[in-house]
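Peer 1: If you use this note's numbering, the sequence shown closes out at 477, no skipped numbers anywhere. C-beta atoms are modelled at their ideal positions from N, C-alpha and C, and glycine is treated no differently. Being a predicted model, the structure only gives us computed values, none of them experimental.
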Amino acid sequence: MSFLSLVRTEVVVNKRRILVVGAGSAGRYAARQAGRLGAEVVLASPPPFGGLCILSGCMPSKALLRPAHVYHFIKTGLSDLGLSLDTSSLRADIPAMVSMKDSMIQEMADSAHQSIIHDSAIRFVPEPVRFLSKDSAQIGQEVLHFDRAVIATGSTPRIPAIPGISPDWRWTSDDVLVCRELPKSVIVMGAGPIGLELGQYLAMLGVAVEVVEILHPWNRSIDKRIGEGYIEAVRKSGLPIHLGLAVQKFDTLKGRAILHATTREGEARRFEADRVLFATGRRAAVEGLDLEAAQVKMTPSGAISVDPYLRTSNPHIFAAGDVTGHLPVLNLATYHGEMAGKNAVLEHPLLVEERPVPISIFTEPEFARVGITEWEARTRAIPVMTGYLPFSDLGRAIVNRQTEGALKIVAHSTTREILGAEMFGAGAADLIHLMGVAIALGATVDSYQRILHIHPTMAEIVRYVIDEMTGAL
Ligand SMILES: Cc1cc2nc3c(=O)[nH]c(=O)nc-3n(C[C@H](O)[C@H](O)[C@H](O)COP(=O)(O)OP(=O)(O)OC[C@H]3O[C@@H](n4cnc5c(N)ncnc54)[C@H](O)[C@@H]3O)c2cc1C
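#1: For glycine 81, name the three-state secondary structure that DSSP assigns.
#2: With lysine 228 and valine 211 assumed to form a contact (beta carbons below 8 Å), what rounded beta-carbon distance in angstroms separates them?
#3: Label alanine 100 either buried or exposed according to how many other C-beta atoms from any shown protein chain fall within 10 Å of its C-beta, with 16 as the threshold for buried.
#4: Does the Cβ of aspartate 326 lie closer than 6 Å to at least one heavy atom of ligand 1?
#5: Could you name the residues that DSSP lists as bridge partners for alanine 153?
#6: Out of Val403, Glu472, Ser451 and Val441, which has the shortest C-alpha to C-alpha gap to proline 460?
#7: Would glutamate 111 be called buried (16 or more neighbouring beta carbons within 10 Å of its own) or exposed?
#8: Sort Leu249, Leu435 and Ala289 by Cα distance to alanine 272 and report the nearest one.
#9: By the 10 Å Cβ neighbour count, where 16 or more other Cβ atoms means buried, how is threonine 91 classified, buried or exposed?
#10: For proline 332, collect the residues of the same chain with a Cβ closer than 7 Å to its Cβ; drop the 5 residues on either side in sequence, then sort them by chain order.
#11: Taking 7 Å as the threshold (beta carbon to beta carbon), is arginine 268 in contact with chain B?
#12: Does DSSP put arginine 467 in a helix, in a strand, or in coil?
#13: Please report the distance separating the alpha-carbon of isoleucine 470 from that of glutamine 453.
#14: Using a threshold of 7 Å, state whether the C-beta atoms of valine 180 and alanine 195 are closer than that.
#15: For a test of your reading of the model: does the CB of cysteine 62 fall under 6 Å from any non-hydrogen atom of ligand 1? Yes or no.
#16: Our contact map puts isoleucine 376 next to glycine 424 with C-beta atoms below 8 Å; I'd like the distance itself, whole angstroms only.
#17: Output the distance between the C-alpha atoms of glutamate 291 and glutamine 299, rounded to the nearest integer angstrom.
#18: What does DSSP give as the partner residues of glutamate 357 in its beta bridges?
#19: Quick one: what's got a C-beta closer than 6 Å to proline 130's C-beta in the same chain, skipping five residues either side?
#20: Let me know the secondary structure DSSP gives tyrosine 33 once reduced to three states.
#21: Kindly examine ligand 1 and report whether one of its heavy atoms sits closer than 6 Å to the Cβ of isoleucine 436.
#22: Are valine 280 and isoleucine 191 close, meaning C-beta to C-beta below 7 Å?
#23: Excluding the 5 residues flanking alanine 72 on each side, which residues of the same chain have their C-beta closer than 6 Å to its C-beta?
#24: By Cβ distance, which residues of its chain are closer than 8 Å to arginine 274, with the 5 residues on each side in sequence left out?
#25: What is the rounded straight-line gap between the Cα of arginine 127 and the Cα of arginine 239?
#26: Quick check on this structure: which residue in Pro394, Val414, Arg405 and Arg382 has the alpha carbon closest to the alpha carbon of arginine 373?
#27: Looking only at DSSP bridge pairs, what is phenylalanine 428 linked to?
#28: Just the C-alpha distance for arginine 152 and threonine 338, rounded to the nearest angstrom, thanks.
#29: In chain order, what residues of the same chain have a beta carbon less than 8 Å from the beta carbon of alanine 96, not counting five sequence neighbours either side?
#30: Is the closest heavy atom of ligand 1 to the C-beta of leucine 69 under 6 Å?
#31: Put leucine 10 into one of helix, strand or coil per three-state DSSP.
#32: With 16 other CB atoms within 10 Å as the buried threshold, where does lysine 19 fall?
#33: Any heavy atom of ligand 1 closer than 6 Å to the CB of isoleucine 126?
#34: Just checking my contact of asparagine 223 with glycine 233 at CB under 8 Å: how many whole Å lie between their CB atoms?
#35: Which same chain residues, not among the five before or five after alanine 289, have their C-beta less than 7 Å away from its C-beta?
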């Protein structure tokens, strides 16, 4: 629903006082939306300004991955293109890379800060919030009474309760992103997006990395060929990934970590490293908020519980972003932030429709998916037809020497509507949007088949899979 149709059909309660707690991505979207709809908005967040994505999430991780990928490509990929270079003097200047990343994120944070402080509908207060009651909060020295509030306080790394973890070698993603002198060896616990991206960053720069993951297969909802192909391709880039290992305990020996694990067959495995990066998920950041005073309840896993309107157990308080325990990705945090900001102002809140969330892992090669997979369709008894093609059958991938990858598309077998896609390979994080658009616009395999694609491009892979599904080839 567009903003214009929204203000025509929904009753906006003007001059409600809205408190937005947390100025990360979800909070900034909530504050701007509420301000645009005529509310008086107070946005409170302690320094530093910017939130996770800018300061220690999406942006800094990609800023460091890019030089690592280029460095690795120069060292290993040039000969594939018939190029040669004496790379013996090639050097990765980690402090320079980290400084470059720091100045870039500072610029981004400053720009986000400027856009908030110049928004006349928002009063920004650089202080943490503690709720005093269901409709009041302490913000620095000020006691604020609000009509509605949006909690968007984000998340912090989750460290599992495994015996023997020591602060001497315990690392989180925050530590990797500021590290100017890399350790010689690192164990990465968890083969999710953060573990694989940062594990590859370290490995490509010469650190001896071992990724340890309890799941086997890596992701059972993903097509076997895509999931296994992806993990194998990342392994081939120089990152060892051990699936199906349950970590039992840690020991410390001369300041180094010893990890003890067992395989699914019960066999003991041991790893030793200078650091252990815990990429084992994130938990809601709710410390100091006094949610009990606000009458806001938590889920059993420690996130803020919300209904389909993003309302908490206190109907005057909404929540958005990582703090809700929903998928911790930026596109969902901003979408939910926008909806929570709207719903805080409207007399009758809008149901937050479930949209397909495209997600990616920015390794080399990339992994991406959107909508539902065949496995998910089958578990929901949705009849589907599928198409699949490896990049090795794609002209552009062949001439680029980037044949590692594959795309699978899932469509409803009766309506022929496109329902989902999963892929890995060069450019997957961008290419997946073709499928995201198709799903959002309700395209069928037949309507998509009419779209001409430029030849030779990586995007043609979609057309070829669709040709196969429609029998056009
Ligand atoms: C290493 C890493 C890489 C990532 N890469 C990607 C990626 O490539 N793509 C992607 O989609 N997602 C990525 N993410 C996830 C993404 O960054 C988050 O999902 C998103 O930024 C969450 O936004 P948020 O607004 O919910 O929380 P945040 O951005 O964390 O904002 C919360 C804000 O609340 C403030 N706050 C906390 N407590 C209080 C309080 N008591 N009072 C007031 N304010 C408070 C905090 O200071 C902070 O500013 C990555 C995450 C990490 C860790």
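Peer 2: By the coordinates alone:
#1: Here residue 81 refers to the residue found at position 77 when the sequence shown is read from its first residue. Three-state DSSP puts glycine 81 in coil, outside helix and strand.
#2: Residue numbering aside, residue 228 sits at position 224 when the sequence shown is read from its first letter. Residue numbering aside, residue 211 sits at position 207 when the sequence shown is read from its first letter. 30 Å between Cβ atoms; not a contact.
#3: Position 96 of the sequence shown holds residue 100. Counting Cβ neighbours within 10 Å, alanine 100 comes out exposed, since fewer than 16 surround it.
#4: By 1-based counting over the sequence shown, the position of residue 326 is 322. Correct: aspartate 326 has its Cβ closer than 6 Å to ligand 1.
#5: In the sequence shown, residue 153 corresponds to position 149, counting from 1. Paired residue(s): Leu23 and Ile321.
#6: Here residue 460 refers to the residue found at position 456 when the sequence shown is read from its first residue. For proline 460, the nearest C-alpha among the options comes from Val403.
#7: What you label residue 111 is simply residue 107 of the sequence shown in a count that begins at 1. Looking at its Cβ environment, which holds fewer than 16 other Cβ atoms inside 10 Å, glutamate 111 is exposed.
#8: Taking the first residue of the sequence shown as position 1, residue 272 is located at position 268. Per the Cα distances, Leu249.
#9: Here residue 91 is taken as the residue at index 87 of the sequence shown, counted from 1. Exposed, by the Cβ-count rule.
#10: Within the sequence shown, numbered from 1, the residue matching residue 332 stands at position 328. Result list for proline 332: Ser159, Arg286 and Asp326, in chain order.
#11: The structure shown contains no chain B, having only a single protein chain.
#12: By 1-based counting over the sequence shown, the position of residue 467 is 463. The three-state secondary structure of arginine 467, taken from DSSP, is helix.
#13: As a first step, residue 470 is located in the sequence shown; it is residue number 466 there, counting from the start. As a first step, residue 453 is located in the sequence shown; it is residue number 449 there, counting from the start. About 6 Å.
#14: For the purposes of this step, residue 180 is taken as residue 176 along the sequence shown, with counting starting at 1. For the purposes of this step, residue 195 is taken as residue 191 along the sequence shown, with counting starting at 1. Contact flag unset, no.
#15: To locate residue 62, count along the sequence shown from 1; it is residue 58. At a threshold of 6 Å, cysteine 62 counts as near ligand 1, since its beta carbon sits closer than that to one of the ligand's heavy atoms.
#16: Translated into positions along the sequence shown, residue 376 becomes position 372. Translated into positions along the sequence shown, residue 424 becomes position 420. The pair is a contact, with the Cβ atoms about 4 Å apart (cut-off 8 Å).
#17: By 1-based counting over the sequence shown, the position of residue 291 is 287. By 1-based counting over the sequence shown, the position of residue 299 is 295. In a straight line, the C-alpha of glutamate 291 is about 15 Å away from that of glutamine 299.
#18: Within the sequence shown, numbered from 1, the residue matching residue 357 stands at position 353. Note: glutamate 357 sits in no beta bridge, so no partner.
#19: Locating residue 130 in the sequence shown gives position 126, counting from the first residue. Apart from sequence neighbours up to five positions away, the residues of its chain that approach proline 130 with a beta-carbon distance below 6 Å are Pro51, ordered along the chain.
#20: Stepping through the sequence shown from its first residue, residue 33 is reached at position 29. The answer is helix: DSSP assigns tyrosine 33 an H, G or I state.
#21: Here the question's residue 436 lines up with position 432 in the sequence shown. Answer for isoleucine 436: no, Cβ out of range of ligand 1.
#22: Taking the sequence shown and counting its residues from 1, the one referred to as residue 280 is at position 276. Taking the sequence shown and counting its residues from 1, the one referred to as residue 191 is at position 187. In contact: valine 280 and isoleucine 191 (Cβ atoms closer than 7 Å).
#23: Along the sequence shown, read from residue 1 onward, the residue named residue 72 stands at position 68. Tyr205, Met208 and Leu209.
#24: The sequence position of residue 274 within the sequence shown is 270, counting from 1. These residues qualify, in order along the chain: Ile262, Leu263, His264 and Ala265.
#25: Stepping through the sequence shown from its first residue, residue 127 is reached at position 123. Stepping through the sequence shown from its first residue, residue 239 is reached at position 235. Approximately 49 Å, taken between the alpha carbons.
#26: Indexing the sequence shown from 1 puts residue 373 at position 369. Put simply, of Pro394, Val414, Arg405 and Arg382 the residue whose alpha carbon is nearest the alpha carbon of arginine 373 is Val414.
#27: Within the sequence shown, numbered from 1, the residue matching residue 428 stands at position 424. The partner list for phenylalanine 428 (beta bridge, DSSP) reads Phe371 and Ala410.
#28: Taking the sequence shown and counting its residues from 1, one reaches residue 152 at position 148. Taking the sequence shown and counting its residues from 1, one reaches residue 338 at position 334. Going from the Cα of arginine 152 to the Cα of threonine 338 covers about 19 Å.
#29: To locate residue 96, count along the sequence shown from 1; it is residue 92. Non-local beta-carbon contacts of alanine 96 in its own chain, meaning distances under 8 Å to residues more than five positions away in sequence, involve Pro71, Ala72, Tyr75, Leu209 and Gly210 in chain order.
#30: Within the sequence shown, residue 69 is the residue found at index 65, counting from 1. The answer is no for leucine 69.
#31: Your numbering for residue 10 matches position 6 in the sequence shown. At leucine 10, the pLDDT of 46 sits below 50, so the modelled position is not reliable; the number obtained from the coordinates is stated separately. Leucine 10 sits in a helix when the DSSP states are folded into three classes.
#32: In the sequence shown, counting from the first residue as 1, residue 19 sits at position 15. Exposure of lysine 19 is indicated by the presence of fewer than 16 other C-beta atoms within 10 angstroms of its C-beta.
#33: Taking the sequence shown and counting its residues from 1, the one referred to as residue 126 is at position 122. Isoleucine 126 Cβ: outside cutoff for every heavy atom of ligand 1.
#34: Taking the sequence shown and counting its residues from 1, the one referred to as residue 223 is at position 219. Taking the sequence shown and counting its residues from 1, the one referred to as residue 233 is at position 229. That belief does not hold up - the Cβ atoms of asparagine 223 and glycine 233 are roughly 12 Å apart, past 8 Å.
#35: In the sequence shown, residue 289 corresponds to position 285, counting from 1. In chain order, Thr157, Gly158, Ser159, Thr160 and Val327 place their CB closer than 7 Å to the CB of alanine 289, counting only its own chain and leaving out the 5 sequence neighbours on each side.
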